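I have placed the structure first, in the form of structure tokens, so that the comments after it can refer back to it.
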């Protein structure tokens with residue numbers, strides 16, 4: 000080993016021996032410190048602070064001297080007093096990552112779930128360090144999802160004439176349809192909710208906590224009907240504060256198996272494409288093969304995967 004190698008190893012030991020400091024950032028002036036790990040969400044964190052989706056006390060770092068050895072960040076919808084999920088977690092030193100979570104995790108029972116965005120080939124590179132650390136704290140993988148994107152210029156199928164689209168009559172009609180489509184759902188989060196509540200309770204909660212809170216026009220929402228007016232499904236195009244999205248698509252059980260999902264998705268895509276948007280985002284569980292196939296037929300490409308982990 001060369002003299003230079005010995006010196007480098009000695010420097011690393013000294014750096015690791017420095018006292019570990021665990022704390023939240025003091026404010027936006029420490030964003031450079033918090034974003035010293037590269038990650039796709041870094042560019043959004045400043046705007047999230049301004050919009051109230053994050054707070055400095057929800058953005059924690061583990062420090063040895065001036066070196067960040069781990070970080071953790073939580074997110075909520077604007078106005079929520081508690082974080083809805085943890086969506087930032089990076090680790091250089093595994094023990095420091097464990098200690099950071101112990102110090103920073105909200106002290107109210109089971110921690111919020113963790114979400115991570117990854118390249119589609121992430122499995123080819125072995126388990127990442129952050130996943131190993133989370134598993135040491137008791138977390139497990141709950142579901143893997145496809146993150147999908149439609150880009151301008153991608154053809155959208157024209158209406159077939161089999162279905163008519165109109166706005167929902169009111170919230171009650173939409174909640175009724177949401178309740179129906181939960182029968183036989185392949186969505187892991189919905190299935191988990193149905194183990195703890197009724198389909199109507201799940202639909203009412205999703206409407207109240209997610210759909211009704213979108214600030215994009217609710218008159219974008221569409222119910223799909225047969226020529227006689229019978230509803231077969233619905234689509235919720237929206238903007239989530241980051242991107243135009245397909246927030247929810249559903250076909251009621253009585254009308255599944257007739258290709259209506261493709262037409263419902265196309266209607267939502269046409270509506271957003273008509274707003275001259277730069278992209279449309281969507282997601283579905285990796286295991287939800289029928290919905291993934293419908294997105295593929297509509298020209299949506301998989302640009303990322305999403306891993307959701309839970310301590311429940």
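Residue numbers (my numbering): 0 to 311.
Heads up, the beta-carbon is just placed ideally off N, CA and C, and yes, glycines get one too.
Since the model is a prediction, treat every value here as computed from it, not as a measurement.
- Is residue 287 buried or exposed, if buried means 16 or more other CB atoms sit within 10 Å of its CB? buried
- Message: With DSSP as the reference, identify every bridge partner of residue 225, one or two as the case may be.
- Response: Looking at the DSSP assignment, residue 225 forms no beta bridge with any residue, so it has no partner.
- Within 10 angstroms of the Cβ of residue 68, are there 16 or more other Cβ atoms? Answer buried if so, exposed if not. When all chains shown are included, residue 68 counts as buried.
- Item | Candidates 253, 260, 274, 225, of which the one nearest residue 293 by Cα | With distances taken between Cα atoms, residue 293 lies closest to 260.
- Item | Backbone CA spacing between residue 160 and residue 265 [nearest angstrom] | 12 Å
- C-beta atoms of residue 82 and residue 57 nearer than 8 Å: yes
- Task: Indicate the three-state DSSP secondary structure (helix, strand or coil) for residue 204 in the structure shown.
- Result: For residue 204, the three-state secondary structure derived from DSSP is helix.
- Message: Quick test of your reading: residue 48 and residue 98, contact by CB under 8 Å. State the CB separation rounded to the nearest angstrom.
- Response: Residue 48 to residue 98, Cβ: 25 Å. No contact.
- Just the C-alpha distance for residue 108 and residue 138, rounded to the nearest angstrom, thanks. 14 Å
- Query: Does the distance from the CB of residue 146 to the CB of residue 305 come in under 8 Å?
  - Reply: yes
- Message: Do residue 40 and residue 87 count as a contact pair if the criterion is CB distance below 8 Å?
- Response: yes
- Identity of the residue in 239, 196, 185 nearest residue 76 by Cα: 239
- Message: Just to confirm before moving on: does the CB-CB distance between residue 178 and residue 165 stay below 8 Å?
- Response: no
- Message: For residue 9 and residue 302, what's the separation of their Cα atoms in angstroms?
- Response: Low local confidence applies: a pLDDT of 49 at residue 9 is under 50, so the model's placement there is unreliable, and no value is given.
- Query: With burial defined as no fewer than 16 other Cβ atoms inside 10 Å of the residue's Cβ, what is the status of residue 171: buried or exposed?
  - Reply: A residue is called buried once 16 or more other Cβ atoms fall within 10 Å of its Cβ, and residue 171, having fewer, is exposed.
- Where DSSP assigns a beta bridge to residue 314, which residues make up the other side? Given a span of 0 to 311 for the chain in the structure shown, any question on residue 314 remains unanswerable.
- Where residue 182 falls, given that 16 or more other Cβ within 10 Å makes a residue buried: Classification for residue 182: exposed.
- Near residue 193, what residues of its chain come up, given a Cβ to Cβ distance below 8 Å and the 5 sequence neighbours on each side ignored? Excluding sequence neighbours, residue 193 sits near 181, 184, 201.
- With a threshold of 16 other CB atoms inside 10 Å of the CB of residue 196, please say whether the residue is buried or exposed. exposed
- Count the CB pairs spanning the stretch 214-223 and the stretch 148-160 that are closer than 8 Å, and state whether there are at least three. no
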